[in-house]
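Colleague:
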Amino acid sequence: CSSCPPAERALASLQKEQSNPNAEIITLAFHVDYWNYLGWTDKFSSPLFSQRQQFYARKFKIGSSYTPQMVVDGSYEFVGSNLGKAKQSIIESAKNLKAKIELEKGEESLLKVKITDVPKHSDATVYLAIAEDNLASDVKKGENSGVKLEHISVVRELRLLGNLPATIQSFSVEHPYQIQPDWKKENLKLVVFIQEIQSRKIIGVNFLQFR
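Here the sequence shown is numbered in our numbering, starting from 1349 and rising by one per residue.
Given below as structure tokens:
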């Protein structure tokens, strides 16, 4: 879409500037696949990510999915280029209690996850996102034809680590992961987050830089 480059810049600004002293801003970019029909396929896109966005559309009652969209903490949504709205939403989200998530890389590509102090919540899911910075796309067709788009926090893979029922306040797991040959390890981060199934609210998140 024609407004995606400003949205990419807004996301990068949030991650790099860390402008909120009360919150560590952890960004993830889920590339949707429903624009691929325009003649240029986004190699980072996935139908799974389009489906996630559809869930948000139903939650926020906005009728249909759109891009560029930004969602903060699963609780606020707006046009992704609106940096002011993003910062205000982060201020509001920082007031909420979050679970404590400890991450440690074990041997043989094993991620150790320990979650404690989970605030009161409904049934939730624990996810692992493997994301990569410093990526780019040379757009061949569509509204951005001829443009080189720079990307940050691109989700390469999203995995389910387990479920967290409403009655449980802790969780631990050792989960194997695999790094693909075309991923640059120095640009990767492992992000674990807890998301309520019905409300889509994020109740805990932490990350581990791969290097």
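In this text, a Cβ means the ideal position worked out from N, Cα and C, and glycines have one as well. Since the structure is predicted, the reported quantities are computational estimates derived from the model, not experimental observations.
Rounded to the nearest angstrom, what separates I1550 and D1486 at their Cα positions?
Modeller: 33 Å
Colleague: Short check: CB of S1429 to CB of Q1526, under 9 Å?
Modeller: Not closer than 9 Å, so no.
Colleague: Specify the secondary structure class of K1409 as computed by DSSP and reduced to three states.
Modeller: Secondary structure at K1409: coil, using DSSP grouped into helix, strand and coil.
Colleague: For A1477, name the three-state secondary structure that DSSP assigns.
Modeller: A1477: strand per DSSP, three-state reduction.
Colleague: Out of Q1546, S1470, M1418, which one is the CA nearest neighbour of P1354?
Modeller: With distances taken between Cα atoms, P1354 lies closest to M1418.
Colleague: Within a Cβ cutoff of 6 Å, which residues of the same chain sit near V1466, ignoring the five residues on either side of it in sequence?
Modeller: A1447, Q1517
Colleague: Just to check my reading of the structure: A1477 and L1376 have Cβ atoms closer than 8 Å, yes? What is that Cβ distance to the nearest angstrom?
Modeller: 6 Å
Colleague: Between the beta-carbon of I1449 and the beta-carbon of I1542, is there less than 9 Å?
Modeller: yes
Colleague: Taking the alpha carbon of V1461 as the reference point, which residue from I1373, L1508, C1352 has its own alpha carbon closest?
Modeller: Answer by Cα proximity: L1508.
Colleague: Could you give the residue range of the beta strand (DSSP E) that holds R1504?
Modeller: 1502 to 1512
Colleague: Which residue comes first and which comes last in the alpha helix (DSSP H) that contains Q1363?
Modeller: 1352 to 1365
Colleague: Closest to G1454 by CA distance: which of E1522, S1367, I1500 is it?
Modeller: Cα-wise, what sits closest to G1454 is E1522.
Colleague: Provide the residue span of the beta strand (DSSP E) that contains Q1546, from first to last.
Modeller: Counting along the chain, Q1546 falls outside any beta strand (DSSP E), and DSSP gives it neither H nor E.
Colleague: Could you give the uninterrupted runs of the beta strand (DSSP E) lying entirely in the segment 1380 to 1456, keeping only those of 3 residues or more?
Modeller: 1417 to 1420, 1424 to 1427, 1448 to 1454
Colleague: Assuming I1500 contacts Q1366 under a Cβ cut-off of 8 Å, what Cβ separation, rounded to an integer in Å, is found between them?
Modeller: Incorrect: roughly 13 Å between the Cβ atoms, too far for contact.
Colleague: From the DSSP output, read off the bridge partner residues of I1471.
Modeller: It is Asp, not Ile, that sits at residue 1471 in the sequence shown. Paired residue(s): none; D1471 is not in a bridge.
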